[in-house]
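End of the sequence shown sits at 571 in the working numbering; the numbers just go up one at a time, nothing left out.
For reference, the structure is listed below as structure tokens.
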Amino acid sequence: MIVSGVLALPFDDSAGFTAPPAFGPFRVLHQIGSGALGPVFRTFEPQLEKLVAVKAFRLDVVPEVTSQLADALRRFAATPIDHPVVVSAVDAGLEGTTAFLATEYVAAETLDVRLRQIAPLRIEAALPLLHQVAGAIEAAWAMGVGHGSLHPRDIFVLSAARDHAPGATRIRVAGFGVVPALESLRIAAPIRRPYTAPERAEGGGWDIRADVYSLAVIAHELLTGRRPGGADEQAGELASGTSDDLRVAIRQALSGGLAADPGLRFATPTAFVEALTTGVEVGPVVTPLGHTPSLFDVEPESAVTSVIEPVVHDEPVPELVAPVAALPEAMSFRPTEPRRPSLPDLAAWSDAAPSRGRGLVAAIVVTAVLAGTGLGYWLRGPAAADEPVAQHTPSTVADGPVDTEVPVATPPAPVTDLRRGRLLVRSVPAGAMVSVNGRARGTTPATIRNLPFGTYNIAVSRSGYQRRAQRVTVSKGAPARDITVELVSTAPLAPVATTGAVYVETRPAGASVSIDGTPVGTAPMRVPELAPGPHRIRVDMAGHKSVTTTAVVRAGQQTLVRLSLEISVR
């Protein structure tokens, strides 16, 4: 848990700030933005020959604190967050009396701008973005770094690359580590309403659930086109075409993510996003026949926004999400009308037209049989990488004789015939290795998709904790299974403290100290191994009046006692 800063120090007006020629090795090109903490500059790093964004912190604090902030930012930059969505810190330091943080330079439109163009979005279009933001948050917290101030301005929306399938998305999330660095020095970080969680806005402690709250506000704005606020937090209509059942599920998930009490919120961002997906096909969005406004439409090549150094790595986490093959039109995840035979003379073949020889009929029948056999083989496919435990999957090709009469086109098989489901594995603590039937499938929280129906052996392990295993069944009645594993530490329990201590300071120093009538030494001093409970403390010094007080000692804690002695007048 992160404890919020308590020193509400004002921020300088960065509009009057004159940038130096460079921040460390980063040569300033021009200013590209400004916020409550200070301006942001586009810079160039000549040694690596790449563009870098530099945030200058213009705070009304003493130079000592500025130097400490630079050190805190350096520590953050030295341990980058290993996630393709997170905008990585490059370096940090002190230029004159200004602390700065250098990060990757991303040339892309931010979500707050894109929202005005496309909200409200259908849930299918919003899910790719929300899943990526959730993954970035959890990767950062796995490194012990929170965000605490997530805003649509921190999310860069990149155009889909040409080698991506339609509907694929690429985003980047910036701003991790800044709020914790400020609060570690008791500097109050900016409050960005309504995105900042209530507990952080009130100056209390916060954890990953504060970032869940921010993500829920962004999801609300994506799905309704409006920001939540106060008692009207559920205001805003969902996109047209959303079913009644899905509306209820989305509203319930938003309510859980926006709970004022963090104890009532979802424990992780992934849990929140998964709750939004009830009844929704999760994964790459298949482009419909007609054009539907989407946050992630593929733009013409000339309009594609680019990332300038370093290049975004597009490779996914190995096997966490099974790739979706390009399906024939008849098997698309969109409503289609059964395709009728398009041969121009097919309608003429009937009992009333015997003059058309039967040779062509036989050719058509053979072609239909071969096509049906091929479709059945394609649907069954090769064995999956993760096969169920003792699970038999019946053939999807019907047995029986082939009708040799006039061929009739077979309607497209429903998606449910794929007989596959999804498994979400979480652990407490997160970051544990997950294996399915003995095969590694990533770290928790892990979502394994495209699993054939059946029973699986799931094992969860993490260094320093006992390995846990259980069997989980994915079936037609339960195609989406979520499990949470509580890991038990193997470390020996810390001994329970049975005594406490007292630290005595006097002004002036050098007074004699007695506890419960027994002399123990001269102040300042620490007196250990005292029994819990009240103790009578007396200090004496020549030429001064004696002072007596009572201190309560608690097991495992140290109690500080400060006493001032008055000069005695004779």
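Ideal Cβ positions, reconstructed from N, Cα and C, are used throughout, including at glycine.
With respect to Pro270, Ile138 sits close: the two C-beta atoms are nearer than 8 Å. Each residue's CA atom was taken as its position, placing Lys51 and Ser89 some 14 Å apart.
In the three-state DSSP reduction, His132 falls in the helix class (H, G or I). DSSP places Val114 inside the alpha helix (DSSP H), whose first and last residues are 112–119. The DSSP-derived three-state label of Val437 is strand. Within the DSSP bridge table, the entry for Ile568 names His545 as partners.
With fewer than 16 neighbouring CB atoms inside 10 Å of its own CB, Lys477 falls in the exposed class.
Nearest C-alpha to Leu116 among Gly97, Glu105, Ala79, Arg154: Arg154.
Counting along the chain, no beta strand (DSSP E) covers Thr278, and no H or E run does either. Spanning the alpha carbons of Pro191 and Gln133 requires a straight line of approximately 25 Å. Where Gly257 is concerned, the enclosing alpha helix (DSSP H) starts and stops at 245–258. Shown here, Pro529 sits in a strand according to DSSP, grouped into three states.
Three or more Cβ pairs closer than 8 Å define a contact, and the stretch 252–270 falls short of that threshold against the stretch 103–115. Out of Trp207, Ala470, Ala100, the CA that lies nearest to the CA of Glu65 is found in Ala100. A distance of 8 Å or more separates the beta carbons of Val62 and Ile172. Counted as a single uninterrupted DSSP element, the stretch harbouring Tyr196 is not any beta strand (DSSP E), since DSSP gives it neither H nor E. Straight through space, the alpha carbons of Met434 and Ala441 are spaced by roughly 7 Å.
The closest CA to that of Thr98, considering only Ala260, Ala460, Gly25, is found on Gly25.
Measuring C-alpha to C-alpha distances from Asp208 to each of Pro181, Arg193, Leu186, Ile188 identifies Pro181 as the nearest. The bridge partners DSSP lists for His31 are Arg43.
Between the C-alpha atoms of Val437 and Ala447 there is a straight-line separation of about 11 Å.
The beta carbon of Ala510 sits closer than 7 Å to the beta carbons of Ala524, Pro525 from its chain, once the five residues preceding and following it are set aside; these are given in chain order. For Leu95, the closest alpha carbon among the candidates Leu112, Asp113, Asp72 is that of Asp72. Going by beta carbons, Ala220 and Leu159 fall outside the 8 Å limit. Rounded to the nearest whole angstrom, the CA to CA distance from Gly226 to His152 is 15 Å.
In this model, Phe27 and Phe58 are separated by some 15 Å (Cα to Cα).
Here Ser215 has Leu151, Tyr196 as same chain residues with Cβ atoms under 6 Å from its own Cβ, once five neighbours each way along the sequence are excluded. Separation of Ile516 and Ile568 (C-alpha to C-alpha, rounded to the nearest whole angstrom) is 22 Å. Here the C-alpha atom of Thr243 lies approximately 23 Å from the C-alpha atom of Phe267. Counting of Cβ neighbours within 10 angstroms places Val570 among the exposed residues, the total staying below 16. Taking a C-beta distance under 8 Å as the contact criterion, Val486 and Leu424 do not qualify as a contact pair.
Every unbroken stretch of the beta strand (DSSP E) spanning 3 or more residues and falling wholly within the stretch 480–514 is given here in chain order: 481–487, 501–508.
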